[in-house]
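One structure is given below, encoded as structure tokens.
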Amino acid sequence: MEGNSFIIQGIISGGIGGYGGAGANGLNGTKGGAGGNGGRGGASHNYAENSGGNGGNGGNGGNGGNGGNGGNGGNGGVGGEGIIVSKNNVQIINLSTVVGGNGGSGGVAGSAGLAGAGGKGGNGGDVPIGSTTSRGKRGEDGSFGTNGINGRVGNGGAGGTAINISADGVTLLNQGKVLGGTPGSINAQPGEAIVVSGKNSHIINDIGGEIRSSGLNSKAVEYEAGADNGIFEMRTNSIVDGVVDATKISNGKLLLGGNTAKETSTFIASKIGNGRQYQGFSNYEVNTSEENTWNLIGETTALTPWTVTGGTLAIVSDHSLGATDGALTLNGGVLQTVLNVNSDRRFNLTADSLNGGILTDGDLTLTNVISGVGGLKKTGSATLILGGQNDYTGRTVISSGNLFLTGEGGIEHSESVELSKGTSLNISSTTGGTMVNNLTGDEGSHVVLGDRFLTVNSLANSVF
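Counting from 1, position 325 in the sequence shown corresponds to residue 706 in our numbering; the numbering is continuous, with no gaps.
Right, dumping it as structure tokens:
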């Protein structure tokens, strides 16, 4: 431990939940009582015509008592937590394995009690001496009672949480494994890997790191209500198995990061949205080293306003960027079009946008507006086609390829337009021409007018 940094180098596991107590065995039923003897037959008062009365029938034996039910086994205890972080503004570095405790097994069921035997039937009643009438019938034996019901095995305990972050401002750098605890039975709740209740947390699943829940119904990371401004960052070759749930917080961010090594990673956009793996985030960002690239593939209809701060975000379709209501912000990083892409979303340019820009390996057509105080830098051999009435105010720098304005598309608010050798500005498809400020061009650059007019507020010494 150094200052507010804690390094985990050995395996940490939460305690196993206690086993449920065994259910008590049911009591055996008692034997039924014997039936009463039949009554003695009555004497006849007219000996010439009648015999004496028949003996009474014996009473039926009593039914045996029911067996007692077995007691239910007790439920297993919840697995213990691996680590609880309760100190504000600390950094936890996991180099090993943190596991939530396993849930305890449910208690053994109690056995049912056996039924009691029925009582014997009573003897038939006697008849008077010398009578010709019959003796009473013997009573029926009593029935066996019902066997008791076996008790139920107790439920297993839920798996424990591996890391519980209850403090504010905590950074967790995971370079090892964080695993939710195993439940004590198949119907018990699996353990979650990480639960966050503190504000302003930053979880980084570093290269080779693993964050795994222990079952289908548990979560890899759960942000509880009030854990606002949480950041969940993924880096190259990291593994997340289970849902990352930010639906209960505000201003949560999903961040695609990296370090200084040159790396290419892939993220599947269809994993974002309600009922998907990554839920409830408000902000989406790429922020990695300049040479790193994140390929964003697949499609999502979720609102995912991406900001590219560092490195490159590469797309083959605008659908990977989510609903078109979500603007894309260039904040120093690069948006790369691998194939031809059409987009009707807004673009924002920050003051740092010229540190990145747009790399067109495939043509990019933007029909909405580009806004902001920043500048637009274009690289790549393909064409950038602008059809919106753009109002960004920074420089327009065409380092390679072509800038094509179409329809009402214009860049008249841009402070300057700078064309490098071999590039072009084409306004031949605009509606009535356009205007630019401070146009400059290297030798070998081109301005294509067609039959349109180009108004230039200031033309520096340039050769086109």
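The beta carbon of each residue, even a glycine, is placed where N, CA and C say it ideally should be.
Query: Alpha-carbon spacing of I696 relative to N568, whole angstroms; Result: 42 Å
Query: Residue(s) in a DSSP beta bridge with R593; Result: L560, D622
Query: Neighbourhood of G803 by C-beta, 6 Å cutoff - its chain only, sequence neighbours within 5 removed; Result: G825
Query: Proximity of G572 and A601 at Cβ, strictly below 7 Å; Result: no
Query: N655 burial status per 10 Å Cβ neighbour count (16 or more: buried); Result: exposed
Query: For G463 and T478, the rounded distance between their alpha carbons; Result: 10 Å
Query: Of the residues Y773, G738, Y659, the one placed nearest G790, counting alpha carbons only; Result: Y773
Query: Cβ distance (whole Å) where L740 is taken to contact T760 below 8 Å; Result: 5 Å
Query: Local conformation of A548 per DSSP, three classes; Result: coil
Query: Cα-Cα separation between I585 and A627, rounded to whole angstroms; Result: 15 Å
Query: Inter-residue CB distance, I546 and G589 (contact presumed, cutoff 8 Å); Result: About 21 Å separates the two Cβ atoms, so there is no contact after all.
Query: Within 7 Å, strictly: CB atoms of Y665 and T685; Result: yes
Query: Spatially closest choice to S651 from F613, E672, G679, K643, by CA coordinates; Result: G679
Query: Whole-number beta carbon distance between L694 and L716, since they are thought to touch under 8 Å; Result: 6 Å
Query: Contacting residues, own chain, Cβ-Cβ under 7 Å from N736 (five flanking each side not counted); Result: G713
Query: For L716, the three-state DSSP class (helix, strand or coil); Result: strand
Query: Endpoints, the beta strand (DSSP E) within which F662 is located; Result: Note, F662: premise wrong, no beta strand (DSSP E); not H, not E.
Query: Sheet register partners of V817 (DSSP bridge); Result: V837
Query: Distance CB(T748)-CB(D725) smaller than 7 Å; Result: yes
Query: Where the beta strand (DSSP E) through E605 begins and ends; Result: It is not in any beta strand (DSSP E) - E605 carries neither H nor E in the DSSP assignment.
Query: Beta-carbon spacing of I630, L553 below 7 Å; Result: no
Query: For L784: DSSP bridge partner residues; Result: L765, L806
Query: Contact under 7 Å by Cβ, G638 with T674; Result: no
Query: Of the listed residues I388, H827, G540, I766, nearest to N598 (C-alpha basis); Result: G540
Query: Segment limits, beta strand (DSSP E) that includes K758; Result: 757-760
Query: Through-space distance from V559 to D823, alpha-carbon basis; Result: 56 Å
Query: Whole-angstrom distance between G562 and G738, CA atom to CA atom; Result: 45 Å
Query: Nonlocal neighbours in the same chain, by C-beta distance under 8 Å from T787, ignoring five residues either side; Result: I766, L767, G768, S810, T811
Query: Minimum C-alpha distance to V480 - residue among Y604, L677, N555; Result: N555
Query: CA-to-CA distance, E591 to S619, given in whole angstroms; Result: 6 Å
Query: C-beta contact flag for L784 and I808 at 7 Å; Result: no
Query: Three-way DSSP call (helix, strand, coil) for S752 in this model; Result: strand
Query: Residues bridged to Q472 (per DSSP); Result: S386, T552
Query: S795, buried or exposed, once every other Cβ within 10 Å from all chains shown has been counted against 16; Result: buried
Query: Close Cβ partners of E614 (< 6 Å) along its chain, the five nearest in sequence each way excluded; Result: I585, L636, G638
Query: Where N736 sits in the DSSP three-state scheme; Result: helix
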